[in-house]
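Number of protein chains: 2
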Amino acid sequence: MRILLVEDDAETAAFVARGLEEAGHVVDRAADGQDGLFLATGGGHDVMVVDRMLPKLDGLSMVRAVRAAGIATPAIFLTARAGLGDRIEGLEAGGDDYLAKPFAFAELLARINALARRPPLQQEITVLRVGDLEMDLIRRSVSRAGKRIELQPREFRLLEFLMRREGQVVTRTMLLEGVWDFHFDPKTSVVETHISRLRGKVDKGFGQELLHTVRGAGYVIRADG
Amino acid sequence: MRILLVEDDAETAAFVARGLEEAGHVVDRAADGQDGLFLATGGGHDVMVVDRMLPKLDGLSMVRAVRAAGIATPAIFLTARAGLGDRIEGLEAGGDDYLAKPFAFAELLARINALARRPPLQQEITVLRVGDLEMDLIRRSVSRAGKRIELQPREFRLLEFLMRREGQVVTRTMLLEGVWDFHFDPKTSVVETHISRLRGKVDKGFGQELLHTVRGAGYVIRADG
DNA sequence: AAGCCACCGTGAGGATCCTGCTGGTCGAGG
DNA sequence: CCTCGACCAGCAGGATCCTCACGGTGGCTT
């Protein structure tokens, strides 16, 4: 999930960002309302987490402006104050939820999940399968033909990205954005290197190959020939 | 889709161009506004992606000039700055959209599709069919009578070009421009060679032939006799 | 605080694959 | 039967990709 975090206090921002990333989300950050507005209007976020007090453009106005731009991304406000009046103001501005600092991180996560309208744990996809390859997202474990495979964090993200798009060709650019969060060309063979490592663990020694390269385009994971 | 990219920073240009090409588009590049204007007035582009800051002729002026020349090709501006004023200026100059650097490439792609007035993702044509031959543009896969066919990048583009024009005679010149991006006659039999290879994979072994030669004119793909 | 270790990106070298060209052959049309 | 366009197998240059070893970094332990 892609989350926009707009928070000026560096410490809080770092804490929240880290927590969200550990939970497997991609986090875009902005330190003031103006930057936040711009990133938000770019769209593509599933949720935005916005501090109410921000330099340049306060959180309330920011979300109002985002809504005016026709963006419906759900918003959660963070605030030092916790009065009822504040809450009403926030909702009127187009916010969807409200959290008073200091807050329990777990609660933020829960609300984010709720807002993104994900069935809370019930129907959620927790196991990806491609052929005899299995990935359990909760246990963070991977196995093929019943045999456990140890993956590094980056390798895991890479494989997850591919498996979620089984059968589709995934371009290098998509991988750099989705797995590395690079928005530029590193001009090195990062992707190839990790694909190679992944192959060593996932394909080598098992009869059928699952990771296929599509020259000039990218990679696919696929069970059939 | 044919896209004109006008960007002076070589790295950014390379990254964007590569991403677009991976996504199956044809990219024409210019490094300054003057060249950009020249290429744009040539027409034939579906979208142009223009940096605002360019040598010789800035992006804004360039697009204004293109519009003055009666070319309506939709334009997307790229910019380092992110102010609202800039956005307005851009729209006034005849730009259709606006993207602040650094931007997520996926977003650029989405906006390009939006501007080209493509049905947004839902109704998009992703599968081409001619007789029992099928091409899935997202999966980049081709199959005939249910049997998977492996195609090289150039072969894929060639077949796609033909299938999009089912029943129409496609001339050698059209192919050279649309598939090879050649704007001159190579005076060799590139086209014939690739048609031949394509036949070997697509027609050979299946009863009915789909690729037909039209002597002195070009080629057609057609299911019936 | 120092040292160790896991993880990851870098860059080079080499393997592999793709593709355009050549030139001989085929076959349609006149 | 002749001519010209089309076909296609084989080849080589070059682009792309794979793999490996190395070193930096940051986290963790002692």
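From first to last, the protein sequence lines stand for chains P and U.
With the UniProt record's numbering, the residue at position 70 of the first sequence is 70, and numbering never jumps.
With the UniProt record's numbering, the residue at position 111 of the second sequence is 111, and numbering never jumps.
Here a beta-carbon is modelled for each residue, glycine too, at the ideal position from N, C-alpha and C.
**Prompt:** What do you get for Gly19(U), buried or exposed, if any count of 16 or more other CB atoms within 10 angstroms of its CB means buried?
**Reply:** Position 19 of the second sequence, counted from the first residue, corresponds to residue 19(U). Around the beta carbon of Gly19(U), 16 or more other beta carbons sit within 10 angstroms, so the residue counts as buried.
**Prompt:** Got a sec, what are the start and stop residues for the beta strand (DSSP E) Ile149(P) sits in?
**Reply:** If you number the first sequence from 1, residue 149(P) lands on position 149. It spans 147 to 149 - the beta strand (DSSP E) in which Ile149(P) sits, taken as one unbroken run.
**Request:** Using the Cα positions of Glu196(U) and Leu137(U), report the straight-line distance between them to the nearest angstrom.
**Result:** Here residue 196(U) corresponds to residue number 196 of the second sequence, with the count starting at 1. Here residue 137(U) corresponds to residue number 137 of the second sequence, with the count starting at 1. Here residue 196(U) turns out to be Ser, not Glu, going by the sequence shown. For Ser196(U) and Leu137(U), the distance between alpha carbons rounds to 22 Å.
**Message:** Once DSSP output is grouped into helix, strand and coil, what is the label at Val169(U)?
**Reply:** Position 169 of the second sequence, counting from 1, holds the residue named residue 169(U). Correct three-state label for Val169(U): coil.
**Prompt:** What's the call for Gln123(U), buried or exposed, on a 16-neighbour Cβ count within 10 Å?
**Reply:** Translated into the one-based positions of the second sequence, residue 123(U) becomes position 123. With a pLDDT of 43 at Gln123(U), under the threshold of 50, the modelled position of that residue is not reliable, and the figure given next carries that caveat. With fewer than 16 other Cβ atoms within 10 Å, it is exposed.
**Message:** Between Gly44(P) and chain U, is any beta-carbon pair separated by less than 7 Å?
**Reply:** Translated into positions along the first sequence, residue 44(P) becomes position 44. Yes, contact with chain U.
**Asked** Nearest-angstrom Cα distance between Glu22(U) and Arg67(P)?
**Response** Here the question's residue 22(U) lines up with position 22 in the second sequence. Here the question's residue 67(P) lines up with position 67 in the first sequence. Between Glu22(U) and Arg67(P), the C-alpha separation is close to 34 Å.
**Item:** Contacting positions in the UniProt DNA-binding region "OmpR/PhoB-type" (125 to 223) of chain U - beta carbon closer than 8 Å to chain P
**Value:** Against chain P - using a Cβ distance shorter than 8 Å - the residues of the UniProt DNA-binding region "OmpR/PhoB-type" (125 to 223) of chain U are Ile138, Arg139, Arg140, Ser141, Arg148, Gln152, Pro153.
**Message:** Using the Cβ count rule (16 or more neighbours within 10 Å means buried), how would you classify Thr79(U)?
**Reply:** Position 79 of the second sequence, counting from 1, holds the residue named residue 79(U). By the neighbour-count definition (other C-beta atoms within 10 Å, threshold 16), Thr79(U) is a buried residue.
**Prompt:** For chain P, is any of its Cβ atoms less than 7 Å away from the one on Ala31(U)?
**Reply:** Numbered from its first residue, the second sequence carries residue 31(U) at position 31. Using a CB distance cut-off of 7 Å, Ala31(U) does not count as an interface residue toward chain P.
**Request:** Could you pull out every residue in the same chain whose Cβ sits closer than 6 Å to the Cβ of Phe161(U), ignoring the five residues on either side in sequence?
**Result:** As a first step, residue 161(U) is located in the second sequence; it is residue number 161 there, counting from the start. Counting only Cβ-Cβ distances below 6 Å, and skipping sequence neighbours, we find Gly178, Val179.
**Asked** What are the start and end residues of the alpha helix (DSSP H) that includes Leu20(U)?
**Response** On the second sequence, position 20 is the one that residue 20(U) refers to. Segment 10 to 22, the alpha helix (DSSP H) holding Leu20(U).
**Prompt:** Start and end of the beta strand (DSSP E) containing Asp35(P)?
**Reply:** In the first sequence, the residue the question calls residue 35(P) occupies position 35. For Asp35(P), no beta strand (DSSP E) run applies; the uninterrupted alpha helix (DSSP H) run containing it begins and ends at 33 to 41, by DSSP.
**Request:** State buried or exposed for Arg111(P), treating a residue as buried only when at least 16 other CB atoms are found within 10 Å of its CB.
**Result:** Mapped onto the first sequence, residue 111(P) falls at position 111. Burial call: buried.
**Request:** Would you mind sorting residue 268(U) into buried or exposed? The rule is 16 or more other CB atoms within 10 Å of its CB.
**Result:** There is no way to answer for residue 268(U), as the model of chain U reaches only from 1 to 225.
**Request:** Determine the DSSP secondary structure at Glu134(P), reduced to helix, strand or coil.
**Result:** Position 134 of the first sequence holds residue 134(P). If DSSP states are grouped into helix, strand and coil, Glu134(P) belongs with the strands.
**Request:** Compare the C-beta of Phe77(P) with all C-beta atoms of chain U and state if any pair is closer than 7 Å.
**Result:** Within the first sequence, residue 77(P) is the residue found at index 77, counting from 1. It does not: the Cβ of Phe77(P) has no partner Cβ on chain U nearer than 7 Å.
**Prompt:** From Gln152(U) to Val214(P), what distance separates their C-alpha atoms?
**Reply:** Counting from one through the second sequence, the residue named residue 152(U) turns up at place 152. Counting from one through the first sequence, the residue named residue 214(P) turns up at place 214. If I take the Cα positions, the gap works out to 9 Å.
**Message:** Using a Cβ-Cβ cutoff of less than 8 Å, which residues in the same chain neighbour Leu99(P) once the five nearest sequence positions on both sides are dropped?
**Reply:** Here residue 99(P) is taken as the residue at index 99 of the first sequence, counted from 1. Apart from sequence neighbours up to five positions away, the residues of its chain that approach Leu99(P) with a beta-carbon distance below 8 Å are Ile76, Phe77, Leu78, Thr79, Glu107, Leu108, Arg111, ordered along the chain.
**Prompt:** Listing by chain order, which chain P residues have their CB less than 8 Å from the CB of Arg18(U)?
**Reply:** As a first step, residue 18(U) must be located in the second sequence, where it is residue number 18. Going along chain P in sequence order, the residues near Arg18(U) (Cβ under 8 Å) are Arg172, Thr173, Asp185.
**Message:** Just to make sure I have the definition right: I need the residues of chain P whose C-beta is within less than 9 Å of the C-beta of Ala14(U). Which are they?
**Reply:** Within the second sequence, residue 14(U) is the residue found at index 14, counting from 1. Here the neighbours are Asp185, Lys187.
**Prompt:** Under a Cβ-count criterion, where at least 16 other Cβ atoms within 10 Å of its own Cβ denotes burial, should Phe156(P) be classed as buried or exposed?
**Reply:** For this step, residue 156(P) is matched to residue 156 along the first sequence. Buried, by the Cβ-count rule.
**Request:** Could you work out which residues of chain P lie near Glu22(U), taking near to mean beta carbons separated by less than 7 Å?
**Result:** Residue mapping note: residue 22(U) aligns to position 22 of the second sequence, counting from 1. For Glu22(U), the chain P residues whose C-beta falls within less than 7 Å of its own C-beta are Thr171, Arg172, Thr173, Ala217, Gly218, listed in chain order.
**Asked** Nearest chain P C-beta to Ala104(U) closer than 7 Å, yes or no?
**Response** Walking along the second sequence from the start, residue 104(U) turns up at place 104. With its beta carbon less than 7 Å from one in chain P, Ala104(U) belongs to the interface.
**Request:** Mind listing the chain P neighbours of Glu11(U)? Cutoff is C-beta to C-beta under 9 Å, in chain order.
**Result:** Here the question's residue 11(U) lines up with position 11 in the second sequence. Under the 9 Å cutoff, chain P gives Phe184, Asp185, Lys187.
**Request:** Report the residue from Arg144(P), Thr173(P), Asp58(P), Pro74(P) whose alpha carbon sits nearest the alpha carbon of Val127(P).
**Result:** Locating residue 127(P) in the first sequence gives position 127, counting from the first residue. Put simply, of Arg144(P), Thr173(P), Asp58(P), Pro74(P) the residue whose alpha carbon is nearest the alpha carbon of Val127(P) is Arg144(P).
**Message:** Taking only three categories from DSSP, how would you classify Ile71(U)?
**Reply:** As a position in the second sequence, residue 71(U) is number 71, starting the count at 1. Note: Ile71(U) maps to coil in three-state DSSP.
**Asked** Taking just the CA atoms, how far does Arg140(U) sit from Arg148(U)?
**Response** For this step, residue 148(U) is matched to residue 148 along the second sequence. For this step, residue 140(U) is matched to residue 140 along the second sequence. Looking at the backbone, the Cα of Arg148(U) and that of Arg140(U) are separated by about 11 Å.
**Prompt:** Candidates Gly167(U), Thr173(U), Leu211(U), Gly200(U): which alpha carbon is nearest Ser189(U)'s?
**Reply:** Here the question's residue 189(U) lines up with position 189 in the second sequence. Taking only the C-alpha atoms, the option nearest Ser189(U) is Thr173(U).
**Message:** For Ala217(P) and Thr171(P), what's the separation of their Cα atoms in angstroms?
**Reply:** In the first sequence, the residue the question calls residue 217(P) occupies position 217. In the first sequence, the residue the question calls residue 171(P) occupies position 171. When rounded, the distance between both Cα atoms is 6 Å.
**Contact under 7 Å by Cβ, residue 230(P) with Glu7(P)** = Here chain P comprises residues numbered 1 to 225, so residue 230(P) is not present and cannot be evaluated.
**Message:** Considering Cα atoms alone, identify which of Asp224(U), Val191(U), Val220(U), His194(U) is closest to Gly207(U).
**Reply:** As a working note, residue 207(U) is residue 207 in the second sequence. In terms of CA proximity to Gly207(U), Asp224(U) leads the group Asp224(U), Val191(U), Val220(U), His194(U).
**Message:** Tell me which residues share the same chain as His25(P) and place their Cβ nearer than 6 Å to its Cβ, disregarding the 5 neighbours each side in the sequence.
**Reply:** Here residue 25(P) refers to the residue found at position 25 of the first sequence. Short of 6 Å from the beta carbon of His25(P), and not among the five residues preceding or following it, lie these beta carbons of its own chain, in chain order: Met1, Ile3.
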